[in-house]
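Numbering (the working numbering), first residue to last: 813 to 1079.
Structure (structure tokens):
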């Protein structure tokens, strides 16, 4: 009888349908039921919501959430520079997703009111399918999310097989043109360069997004320069290729398209 009563109390405290995940800050989130009113504060995560088929729960997004086309009609609740907290409150969210810890302080009132805030902080390519699966738990769509994650992982494996015979090429990736900025080796962009048979010339720099000068780039003499804007690069005359920024700079489901395109221009 004692064990039976203990089981009853546990079941009451943690319903069988409770959903538990850990976010990228190591924080444990427990939802009593799948999210039905989500606010998603990054374009790449909005894309992921659609990729797993959970868009019916989407009630608010940030400006810049422009893919797929249907996402453009979702209520805007702010931008990367700030949030409209009153509008967020008016939408009565039961889950808020943010990219990195930037908005955690601003969202403290919602967390104190019991609204879970999930922090997604992707660094590596494999963080994309990981987030898909976690989002599938939070939205009650684990199977659909698992299928989307598996497709992403399978695509990466196929790209790796296709690119393994490419000759190694040194690459300078332009994260920003003015000032001139790049990426070090600890991120999905650099991983994609390596996957495509390339070598990031600034992989060993300590800062994740260092500012560099044209002279330093010229001294390292990259075989190819990859950029995502139409801005000119004074003083740099190596072969330069421009990629769509949303395909390579967003850690969402379309990142596999960006990696494939990167491999093609590097081949």
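Note that beta-carbon positions come from the ideal geometry of N, C-alpha and C, so glycine has one too.
Mind checking which residues open and close the beta strand (DSSP E) that includes residue 931?
Locating residue 931 in the chain shown gives position 119, counting from the first residue. That run of the beta strand (DSSP E) goes 929-932.
On the three-state DSSP scale, how would you describe residue 764?
For the chain, the structure presents residues 813 to 1079; residue 764 sits outside this window and is missing.
Leaving out five residues before and five after residue 1057 in sequence, what residues of the same chain have Cβ atoms less than 6 Å from its Cβ?
Here residue 1057 is taken as the residue at index 245 of the chain shown, counted from 1. Excluding positions up to five away in sequence, the list reads 1040.
Cβ neighbour criterion (16 or more within 10 Å) applied to residue 821:
For the purposes of this step, residue 821 is taken as the residue at position 9 of the chain shown. Any reading at residue 821 must be qualified, since the residue scores a pLDDT of 38, below 50, and its modelled position is unreliable; the value itself is stated next. Residue 821 is exposed by the Cβ-count criterion.
Using the three-state DSSP reduction, which class does residue 984 fall into: helix, strand or coil?
For the purposes of this step, residue 984 is taken as the residue at position 172 of the chain shown. In the structure shown, residue 984 sits in a strand (DSSP, three-state: E or B).
Hey, residue 863 and residue 873 are a contact pair by Cβ (cut 8 Å); roughly how many whole angstroms apart?
Start at 1 with the first residue of the chain shown, and residue 863 comes out as number 51. Start at 1 with the first residue of the chain shown, and residue 873 comes out as number 61. The Cβ separation is near 15 Å, so there is no contact.
Roughly how many angstroms separate the alpha carbons of residue 962 and residue 955, rounded to a whole number?
What you label residue 962 is simply residue 150 of the chain shown in a count that begins at 1. What you label residue 955 is simply residue 143 of the chain shown in a count that begins at 1. Whole-angstrom Cα-Cα distance: 10 Å.
Residues sharing a beta bridge with residue 1000, DSSP
For the purposes of this step, residue 1000 is identified with residue 188 of the chain shown, where counting begins at 1. According to DSSP, which records beta bridges pairwise, residue 1000 is partnered with nothing at all.
Provide the residue(s) that pair with residue 850 in DSSP beta bridges, ordered along the chain.
For the purposes of this step, residue 850 is identified with residue 38 of the chain shown, where counting begins at 1. DSSP output for residue 850 lists 870, 907 as bridge partner(s).
For residue 865 and residue 1025, what's the separation of their Cα atoms in angstroms?
Residue numbering aside, residue 865 sits at position 53 when the chain shown is read from its first letter. Residue numbering aside, residue 1025 sits at position 213 when the chain shown is read from its first letter. Going by the C-alpha atoms only, they are around 44 Å apart.
Classify residue 980 as buried or exposed, calling it buried when 16 or more other Cβ atoms lie within 10 Å of its own Cβ.
Your numbering for residue 980 matches position 168 in the chain shown. By the neighbour-count rule (16 or more Cβ atoms within 10 Å), residue 980 is not buried but exposed.
Can you give me the C-alpha to C-alpha distance between residue 1034 and residue 1013, rounded to a whole angstrom?
Taking the chain shown and counting its residues from 1, one reaches residue 1034 at position 222. Taking the chain shown and counting its residues from 1, one reaches residue 1013 at position 201. Cα-Cα distance, rounded: 7 Å.
Taking the continuous alpha helix (DSSP H) assigned at residue 969, which residues delimit it?
Within the chain shown, numbered from 1, the residue matching residue 969 stands at position 157. From DSSP, the alpha helix (DSSP H) with residue 969 extends over 954-975.
Look at residue 850 and residue 869 and say whether their C-beta atoms are less than 7 Å apart.
By 1-based counting over the chain shown, the position of residue 850 is 38. By 1-based counting over the chain shown, the position of residue 869 is 57. Their beta carbons are under 7 Å apart, which means residue 850 touches residue 869 by this criterion.
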